[in-house]
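Colleague:
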Amino acid sequence: MRPTRSHRRPIHCTRCPGSRWDFLRHPDKYRRLGGQIPKGVLLVGPTGTGKTLLAKAVAGEARVPFFSMSGSEFVELFVGVGAARVRDLFAQAQARAPCIIFIDELDALGKVRSVSPVSGGHEEREHTLQQLLVEMDGFDTRTGVILMAATNRPEILDPALLRPGRFDRHMLVDRPDIRGREEILRVHCQRVVLAPQVDLQVLAARTPGFAGADLANVVNEAALLAARQEKAAVERADFEEAINRVVAGLAKKRRVMSRHEQEVIAYHEAGHALVAEALPRADRVHRLSIIPRGIAALGYTLQLPTEDRYLLTRGELLDRLTVLLGGRSAEELAFQEISTGAQDDLERATELARSMVLQYGMSDTLGPLSYERGRRPLFLEPGLSLPRAEVSEETAREIDHEVRALVLDAHGRAQQILASQRETLETLARTLLEKETVEGEELRRIIAATRQAACTRVSP
């Protein structure tokens with residue numbers, strides 16, 4: 008295996024300035040004060056955030072050879088092959104020191120070793136992991152060999168890998184904030200012909216929670232849409248449609264639906280939008296549509312936060328819970344009937360209410376207690392299920408009662424809001440049936456016009 012050529016052309020990385028890796032080029036400056044070069048750096052973060060690119064950028068800034076392999080490349084069917092590859096990799100690195108060894112998808116190699124007395128298909132992987140641990144203990148830090156690894160599942164790694172002296176530093180490569188998204192969009196748009204009205208700062212504000220790979224996909228989708236329509240440049244509308252595709256999936260305008268189903272969907276989405284606009288702590292509505300998208304979405308209401316958020320209060324979570332139940336409440340109010348269209352809303356509302364009770368201690372009855380065993384890492388998907396702590400039957404009944412009470416209270420709030428804005432609900436639903444898509448500005452104009460008309464009728 009040969010090192011890549013990334014060390015010949017420095018890659019300037021804003022997240023990891025070259026000064027932080029100066030000890031690779033000038034190790035004597037640090038040894039003079041008794042410092043030792045760290046052995047291992049573990050990059051942890053969600054998929055698509057650029058952990059591999061960050062490792063390559065570090066090698067480019069340090070201007071040293073860069074050995075890269077995937078964790079799955081070490082594990083083979085034949086016993087001993089993986090351990091031999093580990094020994095060969097470290098031997099090459101020692102010969103080319105100072106250098107960087109990078110192992111991508113470390114969880115494929117470094118899972119927790121089994122305690123079962125019966126040996127099976129995991130024996131080869133465990134031998135490979137043991138050889139990696141031996142090599143990390145054996146190589147001398149004075150030679151300047153740094154081991155970097157990346158994973159998005161740190162909770163399944165063997166504790167022997169994470170102890171001090173092996174992977175000394177753990178770095179979270181999280182999803183970028185609004186400034187990071189703008190810089191990433193600027194990089195990916197360098198080879199794209201943009202129309203003058205395209206504002207990358209606005210696009211960054213409309214893509215909260217997007218990772219670097221998601222932003223690259225948005226730019227590529229927008230360019231493909233513009234090329235398909237034979238445009239001279241990529242316009243703002245192309246980026247808007249590309250964001251919709253990434254968030255909600257491809258539009259299915261050819262799907263045949265009955266008039267009654269379209270009305271139900273229109274009232275459902277109008278209910279979400281009106282409840283969101285009525286609650287001061289809910290995210291503002293950017294767009295609502297009754298065009299089917301993706302696999303199962305018959306319509307969608309897109310909300311965008313005004314800023315990046317890292318903490319949520321109990322009131323904000325209750326407002327989110329109320330917005331989720333706005334669609335079902337609108338169906339009940341308009342048709343005195345409910346449909347299966349609220350299935351996803353109910354699942355998300357139940358999960359949110361259960362998290363408030365079990366994890367965040369936001370129940371007045373149960374108090375500030377957490378009933379979850381362990382803690383979910385910040386970057387894992389919210390739908391990931393983790394084992395719960397054992398509780399008594401009485402406590403389990405109280406938990407179910409509190410979850411039910413939170414959902415029912417939010418449902419009542421949504422019904423009350425929509426009942427007070429019945430005329431606005433009717434107007435918005437008719438507009439959706441006519442136009443299929445309503446932007447946030449038009450939604451707020453409809454709400455303001457309906458309120459003004461109501462005030463005019465009431466005044467003498």
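For the sequence shown, the working numbering gives the first residue as 8, with consecutive numbering after it.
Where a beta carbon is used, it is the ideal one built from N, C-alpha and C, also for glycine.
Among the residues of its own chain, which have a CB less than 6 Å from the CB of ALA289, if the five just before and after it don't count?
Modeller: Cβ within range, chain order: ALA283, ASP326, VAL330.
Colleague: Nearest-angstrom Cα distance between GLU405 and GLU379?
Modeller: Taking the straight line joining both Cα atoms gives about 15 Å.
Colleague: Does the pairing of the region 293 to 311 with the region 253 to 263 give three or more beta-carbon distances under 8 Å?
Modeller: Yes, the region 293 to 311 is in contact with the region 253 to 263.
Colleague: Note the first and the last residue of the continuous alpha helix (DSSP H) segment covering LEU232.
Modeller: First-last of the alpha helix (DSSP H) with LEU232: 219 to 235.
Colleague: My guess is that GLN310 and VAL292 are in contact by the Cβ rule of under 8 Å, so how many angstroms apart are they, rounded?
Modeller: 6 Å between Cβ atoms; contact.
Colleague: How do the region 108 to 115 and the region 158 to 166 stand: do at least 3 beta-carbon pairs fall below 8 Å, yes or no?
Modeller: Flag = yes, the region 108 to 115 and the region 158 to 166 touch.
Colleague: Please report the residue range of the alpha helix (DSSP H) in which ASP326 lies.
Modeller: Note, ASP326: alpha helix (DSSP H), 321 to 331.
Colleague: Within the same chain, show all residues whose beta-carbon is closer than 6 Å to that of LEU415, passing over the 5 residues directly before and after it, in chain order.
Modeller: Hits under 6 Å: none found.
Colleague: For ASP221, which residues of its own chain have a beta-carbon under 7 Å away from its beta-carbon, when the five flanking residues on both sides are left out?
Modeller: GLY55, VAL253.
Colleague: Identify, in the order they occur along the chain, each residue of the same chain with its Cβ nearer than 7 Å to the Cβ of ILE163, setting aside the five sequence neighbours on each side.
Modeller: Closer than 7 Å at Cβ, skipping near neighbours: ASP114, LYS118, VAL119.
Colleague: Run through the DSSP bridge pairs and tell me what SER75 is partnered with.
Modeller: PHE109.
Colleague: When you compare the region 170 to 177 with the region 37 to 53, are there three or more beta-carbon pairs, one atom per stretch, that lie closer than 8 Å?
Modeller: The answer is yes - the region 37 to 53 touches the region 170 to 177, with three or more Cβ pairs under 8 Å.
Colleague: Which full runs of the beta strand (DSSP E) of 3+ residues lie inside the region 225 to 312, going along the chain?
Modeller: Here the runs fully enclosed are 291 to 296, 307 to 311.
Colleague: Mind checking GLY187: buried by the 16 CB within 10 Å criterion, or exposed?
Modeller: Counting Cβ neighbours within 10 Å, GLY187 comes out buried, since at least 16 surround it.
Colleague: With 16 other CB atoms within 10 Å as the buried threshold, where does ILE272 fall?
Modeller: Buried, by the Cβ-count rule.
Colleague: If I follow the unbroken alpha helix (DSSP H) through MET369, where does it start and stop?
Modeller: From DSSP, MET369 is part of no alpha helix (DSSP H); its letter is neither H nor E.
Colleague: Would ASP111 pass as a contact of GLY78 if the rule is Cβ separation under 8 Å?
Modeller: Yes, they are a contact pair.
Colleague: Can you name, in chain order, every residue of its own chain whose Cβ lies under 7 Å from the Cβ of GLU409, other than the five neighbours on each side?
Modeller: Within the same chain, GLU409 has close Cβ partners VAL364, SER370, THR372, LEU373.
Colleague: If distances are taken between C-alpha atoms only, which option among GLU401, THR313, LEU257 comes closest to PRO215?
Modeller: Among GLU401, THR313, LEU257, the Cα nearest to that of PRO215 is on THR313.
Colleague: Count the other CB atoms within 10 Å of the CB of LEU139; is the residue buried (16 or more) or exposed (fewer)?
Modeller: Its Cβ being crowded by 16 or more others within 10 Å, LEU139 is buried.
Colleague: Compute the beta-carbon to beta-carbon distance between GLU487 and PHE97, rounded to the nearest angstrom, for a pair I have assumed lies under 8 Å.
Modeller: In the structure displayed, the chain extends from 8 to 467; residue 487 sits before or after that span and is not available.
Colleague: Secondary structure at VAL469, three-state DSSP: helix, strand or coil?
Modeller: In the structure displayed, the chain extends from 8 to 467; residue 469 sits before or after that span and is not available.
Colleague: Apply the 10 Å Cβ neighbour rule to SER75 and answer buried if 16 or more other Cβ atoms are within range, or exposed otherwise.
Modeller: Per the 10 Å Cβ criterion, buried.
Colleague: Quick one: what does DSSP say ILE163 is sitting in, helix, strand or coil?
Modeller: Here ILE163 sits in helix by DSSP.
Colleague: Find the nearest neighbour of LEU359 within the set ALA403, ARG321, ARG294, judged by alpha-carbon distance.
Modeller: Nearest of ALA403, ARG321, ARG294 to LEU359, Cα basis: ARG321.
Colleague: How many angstroms separate the CA atom of LEU376 from the CA atom of SER362?
Modeller: Approximately 12 Å between the Cα atoms of the pair.
Colleague: Among residues of its own chain, excluding the 5 on either side of VAL199, which ones have a beta-carbon nearer than 7 Å to its beta-carbon?
Modeller: VAL226, ALA230, VAL241.
Colleague: Buried or exposed: which applies to VAL93, given that a residue is buried once 16 or more other Cβ atoms fall within 10 Å of its Cβ?
Modeller: Per the 10 Å Cβ criterion, buried.
Colleague: What residue does the beta strand (DSSP E) around HIS177 start on, and which one ends it?
Modeller: Residues 176 to 179.
Colleague: Tell me the residue span of the beta strand (DSSP E) that contains ILE153.
Modeller: Looking at the DSSP string, the run of the beta strand (DSSP E) that includes ILE153 is 152 to 158.
Colleague: State yes or no: is the C-beta of ILE334 within less than 8 Å of the C-beta of LEU281?
Modeller: Before going on, a small fix: residue 334 reads as Gly here, not Ile. Cβ atoms of GLY334 and LEU281: not closer than 8 Å.
Colleague: CB-CB under 7 Å to PHE81, same chain, minus the five flanking residues each way: which ones, in chain order?
Modeller: Excluding residues within five positions, the ones whose Cβ falls inside 7 Å are GLY89, ARG92, VAL93, LEU116, THR135.
Colleague: Would you mind sorting GLY278 into buried or exposed? The rule is 16 or more other CB atoms within 10 Å of its CB.
Modeller: So GLY278 counts as buried.
Colleague: If you reduce the DSSP assignment to three classes, tell me which class GLU314 lands in.
Modeller: Note: GLU314 maps to coil in three-state DSSP.
Colleague: Between which two residues does the beta strand (DSSP E) harbouring LEU376 extend?
Modeller: Segment: none, LEU376 is in no beta strand (DSSP E) and carries neither H nor E.
Colleague: Please state if the CB of LEU328 and the CB of ALA356 are separated by a distance shorter than 8 Å.
Modeller: Yes.
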